[in-house]
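Residue numbers (our numbering): 58 to 332.
Here's what the structure looks like:
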């Protein structure tokens, strides 16, 4: 069983300024629950109860959220408002939370390398809170991928089809289809021009990585935007061994964009929220 999940949460959230000037984008609420809590609940459901955060300056409220607030608990003790804390209390009871700071923003690959000390020498999940994934008909995306890992024992990326005019926003894969929704990756390109994209199968913010990825990341030169790209390291891993891509079950919302955030809020309010 994969027991740990890494959460890179050090980004600035510039697309949501000025709201994110003093508030982490991961703490933006989808109705009444912050984005990062949805991700942590997904990880815990998948058995990844050790949640490791790669944070940055101005992100202390994330640590505070996954801790007890004695003053708040005292103020609402014995009142009907205690019910509002039920979901986070459940998370705190089940999860273990560790943190390390990423002092410089050098890309997703660098963030994951920064989290090496929290993960150790074992396979682990990676969850990007910007991507809110919901599956009303079964288990979450990470749980689906953990089951797949038990079969293939290699790194796995979650993918979805996107319009060709949007491939420049994503890492994009091509590969051999082994069965419905499962591909063995043979090529992977970060944010390609439309004419250079190997397919329209885009990587979204869910990964399961084997620990050899750390050594590969150490040797990976800066790529797109001058950053250390996880996609480049995964391409190396695919050439040396095996990387699988999985077209997950469920619906993904790009909460790193304002339209996606609003869409997610409306969807959760209409389908999941109970007062």
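A virtual CB, placed ideally from N, CA and C, is assigned to each residue, including glycine.
Which of the three DSSP states, helix, strand or coil, is assigned to residue i?
i           : result
residue 243 : strand
residue 217 : strand
residue 209 : helix
residue 174 : helix
residue 154 : strand
residue 160 : coil
residue 227 : coil
residue 310 : strand
residue 124 : coil
residue 270 : helix
residue 254 : coil
residue 74  : coil
residue 85  : coil
residue 248 : coil
residue 90  : strand
Please report the distance separating the alpha-carbon of residue i from that of residue j.
i           : j           : result
residue 82  : residue 66  : 9 angstroms
residue 304 : residue 241 : 12 angstroms
residue 161 : residue 192 : 34 angstroms
residue 275 : residue 170 : 8 angstroms
residue 102 : residue 200 : 7 angstroms
residue 150 : residue 107 : 12 angstroms
residue 228 : residue 294 : 15 angstroms
residue 226 : residue 208 : 30 angstroms
residue 139 : residue 232 : 50 angstroms
residue 198 : residue 247 : 22 angstroms
residue 135 : residue 76  : 34 angstroms
residue 152 : residue 61  : 10 angstroms
residue 130 : residue 121 : 14 angstroms
residue 142 : residue 124 : 12 angstroms
residue 318 : residue 285 : 27 angstroms
residue 222 : residue 133 : 50 angstroms
residue 156 : residue 327 : 34 angstroms
residue 331 : residue 325 : 10 angstroms
residue 307 : residue 78  : 32 angstroms
residue 329 : residue 194 : 13 angstroms
residue 312 : residue 117 : 21 angstroms
residue 144 : residue 98  : 9 angstroms
residue 302 : residue 88  : 31 angstroms
residue 104 : residue 154 : 14 angstroms
Just to check my reading of the structure: residue i and residue j have Cβ atoms closer than 8 angstroms, yes? What is that Cβ distance to the nearest angstrom?
i           : j           : result
residue 175 : residue 263 : 18 angstroms between Cβ atoms; not a contact.
residue 245 : residue 291 : 6 angstroms
residue 267 : residue 212 : 5 angstroms
residue 190 : residue 72  : 19 angstroms between Cβ atoms; not a contact.
residue 172 : residue 109 : 6 angstroms
residue 249 : residue 224 : 6 angstroms
residue 93  : residue 234 : Contact doesn't hold; Cβ gap of about 34 angstroms is too wide.
Please name the residue or residues paired with residue i in a DSSP beta bridge.
i           : result
residue 183 : 63, 264
residue 232 : 242
residue 107 : 61, 153
residue 145 : Residue 145 is not bridged to any residue.
residue 189 : 310
residue 304 : 216
Task: Stretch-stretch touch, CB-based, cutoff 8 angstroms, three pairs: the segment 216-227 with the segment 254-269 - done: yes
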